[in-house]
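If you're matching positions, the sequence shown starts at 1 in this note's numbering and goes up one per residue.
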Amino acid sequence: MNILVDECSVWTTALKADRLLNRLPAEQIAHLGDGFEWDVTESDVAIARRYLIGARVRAIALGREIARMATAPDGVLLEHPTLKALAPA
């Protein structure tokens, strides 16, 4: 995956992680508004793994997994390792 990484993309990914971790003040979320791209993408995961540390990396990875599951058809959800154990036999 070829992605453009600059200070802005790292900053954007860090903001997304901080929001997922409830570290971003409501005022800043309101200031950024709906125009800010809050969805976690594969590019964000790659940037987080390379440039962020600790809880921020895990928050971005989990945020992407949740986004993927939220948009997946029902059959795909049953393929998730955690949900396979919960599915009726």
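Every residue, glycine too, gets a C-beta built ideally from N, C-alpha and C.
The alpha helix (DSSP H) spanning residue i covers which residue range?
{"i": "W11", "result": "E7 to L20"}
{"i": "D34", "result": "Run containing D34: none; DSSP gives neither H nor E here."}
Alpha carbon to alpha carbon, how far is residue j from residue i? Give it in angstroms, no decimals.
{"i": "V45", "j": "L15", "result": "13 Å"}
{"i": "R49", "j": "A55", "result": "11 Å"}
{"i": "E37", "j": "T13", "result": "10 Å"}
{"i": "N22", "j": "Q28", "result": "12 Å"}
{"i": "D34", "j": "L24", "result": "15 Å"}
{"i": "H31", "j": "A72", "result": "31 Å"}
Here's a check: name, in chain order, each residue in its chain whose Cβ is nearer than 8 Å to the Cβ of residue i, leaving out the five neighbours to either side.
{"i": "L62", "result": "L20"}
Suppose the cutoff is 6 Å on Cβ atoms and the five residues either side in sequence are ignored; what does the same chain contact list for residue i look like?
{"i": "R64", "result": "V40 and V45"}
Tell me the DSSP secondary structure of residue i in three-state form.
{"i": "T41", "result": "coil"}
{"i": "A72", "result": "coil"}
Kindly list the residues whose CB is nearer than 7 Å to the CB of residue i, restricted to its own chain and excluding five residues on each side of it in sequence; keep chain order.
{"i": "A67", "result": "D39 and V40"}
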